[in-house]
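Asks: The structure's right below; bear with me while I get my questions together.
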Amino acid sequence: MQRGATILGIGLAGALLAYACVYFAGTAAHRELLRDQTPELAWLKREFKLGDAEFAEVARQHAAYLPQCQAMCRRIDEQDERLKQLLAAAPAVTPEIEAALAEAARLRAECHGQMLRHFFEMSRAMPPEQGRRFLAWITERTLLRPERGMGPMGQAAHP
Amino acid sequence: MNTKHTNESDPALSAALKEWKLSDPLPPRFQEQVWKRIESAEAPPVTRGSPWSLLTDWINAMLPRPALALACATVLLLVGGAAGWAQARHEAGQVGDELEARYLRVMDPYQGGR
Chain V
1 MQRGATILGI
11 GLAGALLAYA
21 CVYFAGTAAH
31 RELLRDQTPE
41 LAWLKREFKL
51 GDAEFAEVAR
61 QHAAYLPQCQ
71 AMCRRIDEQD
81 ERLKQLLAAA
91 PAVTPEIEAA
101 LAEAARLRAE
111 CHGQMLRHFF
121 EMSRAMPPEQ
131 GRRFLAWITE
141 RTLLRPERGM
151 GPMGQAAHP
Chain S
1001 MNTKHTNESD
1011 PALSAALKEW
1021 KLSDPLPPRF
1031 QEQVWKRIES
1041 AEAPPVTRGS
1051 PWSLLTDWIN
1061 AMLPRPALAL
1071 ACATVLLLVG
1081 GAAGWAQARH
1091 EAGQVGDELE
1101 ARYLRVMDPY
1111 QGGR
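As they're listed, the protein sequences go chains V and S.
Numbering (the numbering used here) for the first sequence: 1 to 159.
Numbering (the numbering used here) for the second sequence: 1001 to 1114.
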């Protein structure tokens, strides 16, 4: 009675140990990514198989782009706010509203152009094949999103 | 318990019992009680019908055999390892998706709001 139960218990303990070992080994790489100061960039390095020198250049470009992006988002948010106030006060579409809409669209186009220039610059810092893959992936997920440019205005989600 | 046991079938036991003097009187039906206990001790164990008892009986009968114990341990190790691998793969996929979304939000802060 005791012997069979002991053997079964040892087998179950072995199964738990095997589970834990394989689980920790399998998630080690991702736990390391999450410990990084900029995990999203560490993910980019891994996803696009960047070497250390390539990654250093990509990280430099990323850091240089962020302040420009934040400044552009502030301008877009301010213009959106201006447009919102005009819309709240006007009984119909006025020349001021049309001008504000045009300015909002111009700012978005400027933002997209700046974003696209940054993406091209990033792709050039990568190995050619990975750069092409990055460019296709990032434009698909940002500029070419079908819902882009439509819908309600909202605040930029800058960190 | 249908068989009536007597000590007449064993003359030596019968003689020894006859010579055995007791000062205290024996309890009622003492001899019959002794034979009952001997019978129950010699009888094969009765199998209880519950699934749990069947399982424990099977485990106790099978697992002490080295080949079966080894096979059982191997299966348990493989099942544990496969479950750990599947869970790690699932969580790694989730972390990858989350980091991808984070990078996209940094690059395009209007994601989802437009």
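Cβ coordinates follow ideal geometry from the N, Cα and C atoms, glycine included.
What residues of chain S sit near Arg3 (chain V), judged by a beta carbon separation below 9 Å?
Replies: Asn1060, Leu1063, Pro1064
Asks: Answer yes or no: does any C-beta atom of chain S fall closer than 8 Å to that of Leu87 (chain V)?
Replies: no
Asks: For the region 93-107 of chain V, list every residue whose C-beta sits within 8 Å of some C-beta in chain S, in sequence order.
Replies: none
Asks: Under a Cβ-count criterion, where at least 16 other Cβ atoms within 10 Å of its own Cβ denotes burial, should Gln1033 (chain S) be classed as buried or exposed?
Replies: exposed
Asks: My understanding is that Gly131 (chain V) touches Ser123 (chain V), with C-beta atoms under 8 Å, so please give their C-beta distance in whole angstroms.
Replies: 4 Å
Asks: Using only alpha-carbon positions, find the residue among V:Cys111, V:Arg60, V:Arg75, V:Leu33 that is nearest to Glu192 (chain V).
Replies: Lying before the first or after the last residue shown, residue 192 (chain V) is absent from chain V, which here runs from 1 to 159.
Asks: In chain V, what lies closer than 7 Å to Gly1069 (chain S) by C-beta?
Replies: In the sequence as displayed, the identity of residue 1069 (chain S) is Ala instead of Gly. In chain order: Ile7.
Asks: Look at the alpha carbon of Ala1082 (chain S) and the alpha carbon of Tyr19 (chain V), and state the distance between them as a whole number of angstroms.
Replies: 7 Å
Asks: Taking 8 Å as the cut-off, decide whether the C-beta atoms of Leu107 (chain V) and Arg75 (chain V) are in contact.
Replies: yes
Asks: Report, in whole angstroms, the separation of the C-beta atoms of Ala1073 (chain S) and Gly14 (chain V), which I expect to be a contact under 8 Å.
Replies: 6 Å
Asks: For chain V, check one thing: does any of its Cβ atoms lie closer than 8 Å to the Cβ of Gln1031 (chain S)?
Replies: Answer no: the Cβ-Cβ gap between Gln1031 (chain S) and chain V never drops below 8 Å.
Asks: Helix, strand or coil, according to DSSP, for Phe1030 (chain S) in the structure here?
Replies: Correct three-state label for Phe1030 (chain S): helix.
Asks: Among V:Arg117, V:Pro127, V:Ala64, V:Glu140, which residue has its Cα nearest to the Cα of Ala53 (chain V)?
Replies: V:Pro127
Asks: Which residue's Cα is closest to the Cα of Glu40 (chain V): V:Tyr23, V:Phe24, V:Ala63?
Replies: That would be V:Ala63, whose Cα lies nearest to the Cα of Glu40 (chain V).
Asks: Can you give me the C-alpha to C-alpha distance between Gly1096 (chain S) and Ile7 (chain V), rounded to a whole angstrom?
Replies: 40 Å
Asks: Taking 8 Å as the CB-CB limit, is Ala1043 (chain S) close to chain V?
Replies: Output row for Ala1043 (chain S): interface = no.
Asks: Could you check if Gln70 (chain V) is buried or exposed, using at least 16 other CB atoms within 10 Å of its CB as the buried criterion?
Replies: exposed
Asks: Between Leu163 (chain V) and chain S, is the shortest Cβ-Cβ distance under 8 Å, so that the two count as touching?
Replies: This structure cannot speak to residue 163 (chain V), because chain V is shown only from 1 to 159.
Asks: Please state whether the Cβ-Cβ distance between Thr243 (chain V) and Ala1086 (chain S) is less than 8 Å.
Replies: The question about residue 243 (chain V) has no answer here: the residues shown for chain V are numbered 1 through 159.
Asks: Out of curiosity, what's the CA-to-CA distance linking Asn1002 (chain S) and Ala1043 (chain S)?
Replies: Its pLDDT being 48, under 50, Asn1002 (chain S) is placed unreliably by the model, and the measurement read from it follows with that caveat. Taking the straight line from one Cα to the other gives about 14 Å.
Asks: Under 8 Å by Cβ, that's how I've got Leu1077 (chain S) and Ala1069 (chain S) pegged, so tell me the actual separation to the nearest angstrom.
Replies: Rounded, the Cβ-Cβ distance is 12 Å, inconsistent with contact.
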